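Asks:
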Amino acid sequence: MSQYTKTTAIGFCAVLLWSAIVGLIREVSHSFGATGGAALIYTVASLFLLLTVKWIPLKKFPKKYLVYGGLFMVSYELCLALSIGYSQNSKQAIEVGMVNYLWPSLTMVATIIFTKKKANWLIFPGIIIAMLGIIWVLGGEEGLNIGEMLSNIQTNPLSYGLAFLGAILWAAYCVVTVRMARGLNGVTLFFILVAVALWIKYIIIGDPAAMHFSASSVIYLVLAAGAMGFGYATWNVGILGGNVTVLTGASYFIPVLSAALSSVLLATPLGFSFWQGAMMVCAGSTLCWLATRVRSEAVPGPVSGGGH
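The letter at position 220 of the sequence shown is residue 457 when you use my numbering, and the numbering goes up by one with no holes.
1) Report the rounded CA-to-CA distance for residue 525 versus residue 422, giving the unit in angstroms.
2) List the endpoints of the continuous alpha helix (DSSP H) containing residue 263.
3) Run through DSSP, which three-state label would residue 299 get?
4) State the start and end residues of the unbroken alpha helix (DSSP H) segment that holds residue 394.
5) Do the CB positions of residue 483 and residue 242 come within less than 8 Å of each other?
6) State the Cα-Cα distance for the pair residue 431 and residue 447, rounded to the nearest angstrom.
7) Can you look up residue 473 in the DSSP assignment and give me helix, strand or coil?
8) Given residue 378, which residues of its chain have a CB within under 6 Å of its CB, disregarding the five upstream and five downstream residues?
9) So, are the CB atoms of residue 408 and residue 320 less than 8 Å apart?
10) How long is the line joining the alpha carbons of residue 457 and residue 404, rounded to whole angstroms?
11) Just to confirm, does residue 244 get its C-beta within under 7 Å of one of the non-hydrogen atoms of the ligand MN?
12) So what's residue 348 in DSSP terms, helix, strand or just coil?
13) Is the distance from the Cβ of residue 259 to the Cβ of residue 376 below 8 Å?
14) The alpha helix (DSSP H) spanning residue 314 covers which residue range?
15) Compute the distance between the beta-carbons of residue 356 and residue 528, then report whether it is under 8 Å.
16) Contact between the stretch 294 to 303 and the stretch 459 to 478: three or more CB pairs below 8 Å?
17) How long is the line joining the alpha carbons of residue 443 and residue 391, rounded to whole angstroms?
18) State the Cα-Cα distance for the pair residue 283 and residue 466, rounded to the nearest angstrom.
19) Would you kindly work out how many angstroms separate the C-alpha atoms of residue 250 and residue 471, rounded to a whole number?
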């Protein structure tokens with residue numbers, strides 16, 4: 238096996254790791270609460286990143302990237318972790334995770350609007366299909382049911398709202414920071430900032446749920462932190478030395494993989510209409526990606542930063 242193939246395979250590990258995040262965050266929140274669990278996850282993930290990803294001195298980062306990149310990424314990670322942590326049950330956690338996976342489509346739309354990147358007609362059906370996929374997922378067993386979707390959202394507007402806001406924030410991070418980072422990756426610093434923000438929230442506001450440490454809860458915590466931290470580490474290895482186009486295409490199937498892994502991990506069966514919606518989200522994201530690809534290019538654009 239060539240080094241190129243091995244590096245691409247390492248990049249694929251990121252796709253699998255990120256696909257497990259929704260279910261793992263939900264399990265951790267069971268034992269440690271939404272805020273406490275998220276704070277622990279990002280604390281341990283930060284330690285993993287410090288051990289696996291070389292620390293870059295702050296003075297080497299462009300100031301704009303530290304400010305805007307930090308703001309968008311930290312806000313996104315807070316939205317992601319808390320939206321899942323605040324979910325009322327396992328099925329809702331999986332649905333909230335699916336709303337978060339609107340980020341690929343939103344990223345492409347933002348790329349077109351703010352960077353004037355050219356796109357063909359596929360962008361329109363791509364966006365529509367991705368949005369319809371979310372409606373399908375939230376519409377229950379009836380699929381395309383606006384009333385059921387709205388009723389579902391009203392049961393926990395905070396979780397669904399945070400997930401949707403997170404998708405917008407990650408799209409903004411991908412587009413705004415791609416020209417500011419100058420090839421540098423501040424994920425380790427940003428994860429530390431997320432952990433600090435969550436601990437401040439935990440100390441000031443508290444968490445209704447008490448922390449319960451046990452062998453199983455600690456295992457889930459380590460797995461969740463590993464999926465977060467090592468996901469970024471393996472993705473960076475993949476896009477720097479592997480087949481970027483193949484990896485980017487594979488990343489658009491994370492919604493389906495995530496739903497499948499979460500369903501097994503949380504012992505939550507998902508109906509046929511849910512899988513239809515999940516496939517629509519993947520199809521819409523793929524069409525948006527194809528719409529912005531130039532035949533002579535073999536790069537994924539702003540999405541190369543990864544996302545979960």
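Virtual Cβ for every residue (Gly too), placed ideally from N, Cα, C. Values in this document were obtained by computation on a predicted structure and should not be read as measured data.
Replies: In brief:
1) Position 288 of the sequence shown holds residue 525. Position 185 of the sequence shown holds residue 422. C-alpha separation (whole angstroms): 25 Å.
2) Locating residue 263 in the sequence shown gives position 26, where the first residue counts as 1. Residues 258 to 269.
3) Reading the sequence shown from its first residue, position 62 is the one you call residue 299. Here residue 299 sits in coil by DSSP.
4) For this step, residue 394 is matched to residue 157 along the sequence shown. 394 to 414 is the extent of the alpha helix (DSSP H) around residue 394.
5) Start at 1 with the first residue of the sequence shown, and residue 483 comes out as number 246. Start at 1 with the first residue of the sequence shown, and residue 242 comes out as number 5. In this structure, residue 242 does not lie closer than 8 Å to residue 483 by Cβ.
6) Residue numbering aside, residue 431 sits at position 194 when the sequence shown is read from its first letter. Residue numbering aside, residue 447 sits at position 210 when the sequence shown is read from its first letter. The alpha-carbon atoms of residue 431 and residue 447 are separated by roughly 21 Å.
7) What you label residue 473 is simply residue 236 of the sequence shown in a count that begins at 1. Three-state DSSP puts residue 473 in a helix.
8) For this step, residue 378 is matched to residue 141 along the sequence shown. For residue 378, where only same-chain residues beyond five positions count, the Cβ hits under 6 Å are 508 and 510.
9) Here residue 408 refers to the residue found at position 171 when the sequence shown is read from its first residue. Here residue 320 refers to the residue found at position 83 when the sequence shown is read from its first residue. It is not a contact, given that the beta carbons lie outside the stated cut-off.
10) The residue you call residue 457 lines up with position 220 of the sequence shown. The residue you call residue 404 lines up with position 167 of the sequence shown. Roughly 25 Å separates the two Cα atoms.
11) Annotation note on the ligand MN: not contained in the displayed structure, which lists no ligands.
12) Within the sequence shown, residue 348 is the residue found at index 111, counting from 1. In the structure shown, residue 348 sits in a helix (DSSP, three-state: H, G or I).
13) Mapped onto the sequence shown, residue 259 falls at position 22. Mapped onto the sequence shown, residue 376 falls at position 139. No; because the gap between Cβ atoms is not below 8 Å, this pair is not in contact.
14) Along the sequence shown, one-based indexing puts residue 314 at 77. Counting along the chain, the alpha helix (DSSP H) containing residue 314 begins and ends at 307 to 322.
15) Taking the first residue of the sequence shown as position 1, residue 356 is located at position 119. Taking the first residue of the sequence shown as position 1, residue 528 is located at position 291. Their beta carbons are under 8 Å apart, which means residue 356 touches residue 528 by this criterion.
16) no
17) Stepping through the sequence shown from its first residue, residue 443 is reached at position 206. Stepping through the sequence shown from its first residue, residue 391 is reached at position 154. Using only the alpha carbons, I get a separation of about 25 Å.
18) Numbered from its first residue, the sequence shown carries residue 283 at position 46. Numbered from its first residue, the sequence shown carries residue 466 at position 229. The alpha-carbon atoms of residue 283 and residue 466 are separated by roughly 7 Å.
19) Walking along the sequence shown from the start, residue 250 turns up at place 13. Walking along the sequence shown from the start, residue 471 turns up at place 234. When rounded, the distance between both Cα atoms is 7 Å.
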